[in-house]
């Protein structure tokens, strides 16, 4: 999985871009405005974000993943089972995104363009992996891929559900997430039951 370039300047610039992106979308003007807001030369936008606005969105996803992991690490989730820990991590993620919901909707719209499909897939995979890691799963067996693919699909669906309007409340989206997790658990139990049944 391709690593995202990280720097303190990029992190600060991304945070400064969010209110601009909410109104104007993710474009070179937004990237330059974010750099100018933190006292950096906006003329160096291409140096800091050589992939353009889409690379700024990818960097925001990476920053949000790191902040989500830090929030989860600061909380004692030892008493929760794995689904509960995953749910709590996603709750942290949505709560942190709520003040920037319009910027997030515009970021998703940018990543949904056909030529950005690769970045979109990598971003979803990285977020799913970060959620599992923050929930305490550090395994590296074959199921690593299937668990993350399943969670990535559920998280993407939850995000789409939440972004239907500008309401920052996350309760309905988390209920949607809970239902999708429950559906997945039922499907997995059914598959295990079918494998165990005599031929």
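Residue numbers (full-length UniProt numbering): 1 to 199. Think of the CB as a built atom: it goes at the ideal place given N, C-alpha and C, for glycine as much as any other residue.
Looking at 74, 79, 179, the one whose alpha-carbon comes closest to that of residue 92 is 74. With a minimum length of 4 residues, the unbroken runs of alpha helix (DSSP H) contained wholly in the UniProt domain "COQ9 C-terminal" (119 to 187) fall at 143 to 162. By the 16-neighbour rule on beta-carbons within 10 angstroms, residue 121 is exposed.
Under the 10 Å beta carbon count, residue 44 is surrounded by fewer than 16 other beta carbons and is classified as exposed.
Rounded to the nearest whole angstrom, the C-alpha separation of residue 127 and residue 96 is 14 Å.
Ranked by Cα distance from residue 125, the first of 65, 46, 167, 88 is 65. When C-alpha distances from residue 24 are compared across 98, 90, 165, 109, the shortest belongs to 109.
Apart from the 5 residues on each side of it in sequence, residue 54 sits with its Cβ closer than 8 Å to the Cβ of 26, 110, 111, 116, 119 in its chain, given in chain order. In terms of CA proximity to residue 152, 130 leads the group 130, 37, 98.
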